[in-house]
Structure formats: structure tokens, C-alpha cells
Amino acid sequence: MSLLTIILVLAVIALCAAFYYYKLEERKRMQEIKEIWKDVKNTLPGSDGYRKQQHEKAELETMKSHEMPDLDPAVRRAKARLREHQRDPTLATARDKPRTRPPSRRKRNRSSSRASHETKLEGER
Numbered sequence: 001m002s003l004l005t006i007i008l009v010l011a012v013i014a015l016c017a018a019f020y021y022y023k024l025e026e027r028k029r030m031q032e033i034k035e036i037w038k039d040v041k042n043t044l045p046g047s048d049g050y051r052k053q054q055h056e057k058a059e060l061e062t063m064k065s066h067e068m069p070d071l072d073p074a075v076r077r078a079k080a081r082l083r084e085h086q087r088d089p090t091l092a093t094a095r096d097k098p099r100t101r102p103p104s105r106r107k108r109n110r111s112s113s114r115a116s117h118e119t120k121l122e123g124e125r
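Using UniProt numbering, you'd call the opening residue of the sequence shown number 1 and step up by one each time.
So, in C-alpha cells, the structure goes:
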């Protein structure tokens, strides 16, 4: 065999190896694209994956609604009041309503007298 034949055979082997490597990489990329498309397809409304996600969300909500009941009566009353507010916010109890009456005159004057008292103390020092 001549040197030219050996070089030609090695070149053909190298070419085949490069082609095989290229096809292998292309196959990996196609697999990644298929996985991404599968994920995207499952989020589209009407697909089985989307229905499964909605079903899981509904199950989670029902599990939350069937939690252990609270044994403490104060907690039960607070939760009941919260549910009532969520249904109709106009049902606020007196404790929940903001105070509409202005503060009494006595309280209003107290702050001003306190300020004048502090200025008198500073003047004495």
C-alpha cells in the first residue's frame, strides 16, 4: 500500500466519524426540542396535561378547605367573621368599623397643655 492510499483511508474514516458525531448532536438537539414542545403543549388549554394541572389545582383547593377544624372557639369565631366579610363586606361588626366620632375635647386639649407644660419646663432650666 502506498502512502497516498493510507492517507485516503484515514481521511475517509475521519469523515465518517465527523458525520456520525454531527448526527449524534442533531439527535440530542431534536430530543431537547421535543421535550420543550411537550412541556409547552401541556400548558395549552384543551390538552391532557393542562386538564391534569387543573385537576391537581382543584384537588389542592379541596384539601385546603377540608383542613382540621379549629378547637379554639375564638379562632372559630374569627374565621367565621372573616368568611362573612368575604361574602358581604357591609357586615362589619362594631369592633371592625372605623371610629367616626371625633376625639373628645378633653383629649384634644391634653396634647396642647402637655406641649405648653414642656415649654415651661424648658424655660425654668
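Where is the CB? At the ideal position from N, CA and C, for every residue including glycine.
**Residues near Tyr50 in its chain [Cβ-Cβ closer than 8 Å; skip 5 each side]** = Asn42, Thr43 and Leu44
**Request:** Measure the C-alpha to C-alpha separation of Asp72 and Gln54 and round it to an integer number of angstroms.
**Result:** 34 Å
**DSSP three-state assignment for Gly46, whether helix, strand or coil** = coil
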